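Since the structure comes first, as structure tokens, the remarks are kept for the end.
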Amino acid sequence: MKKGSLAESLKKLEGITDWFENQETIDVEQALEKVKEGVALIKESKLRLKEVENEFEVVKKELGKE
Numbered sequence: 003m004k005k006g007s008l009a010e011s012l013k014k015l016e017g018i019t020d021w022f023e024n025q026e027t028i029d030v031e032q033a034l035e036k037v038k039e040g041v042a043l044i045k046e047s048k049l050r051l052k053e054v055e056n057e058f059e060v061v062k063k064e065l066g067k068e
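Residue numbering for the sequence shown follows my numbering, starting at 3 and increasing by one per position.
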């Protein structure tokens, strides 16, 4: 999966949850694909959040040096 912005990932996750909420009957195979996509998006989002946290720490340390 290509690296996207955190906002894009969250929007896609919202779309997946909306899909589940709006189904009268759920096709198991299609649902499995949605779950797999959601898991990948969650993993990507966690990694991006960690990157942002690390960047914040660097900026915070640089600010403390001034």
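We put the CB at the ideal spot given by N, CA and C, even for glycine. Computed from a predicted structure; not experimentally measured.
For the pair S11 and L34, the CB atoms are not nearer than the 7 Å cut-off. A distance of 7 Å or more separates the beta carbons of I18 and K38. A residue is called buried once 16 or more other Cβ atoms fall within 10 Å of its Cβ, and S7, having fewer, is exposed. Between the C-alpha atoms of Q25 and E46 there is a straight-line separation of about 26 Å. Here DSSP, grouped into helix, strand and coil, assigns T27 to coil.
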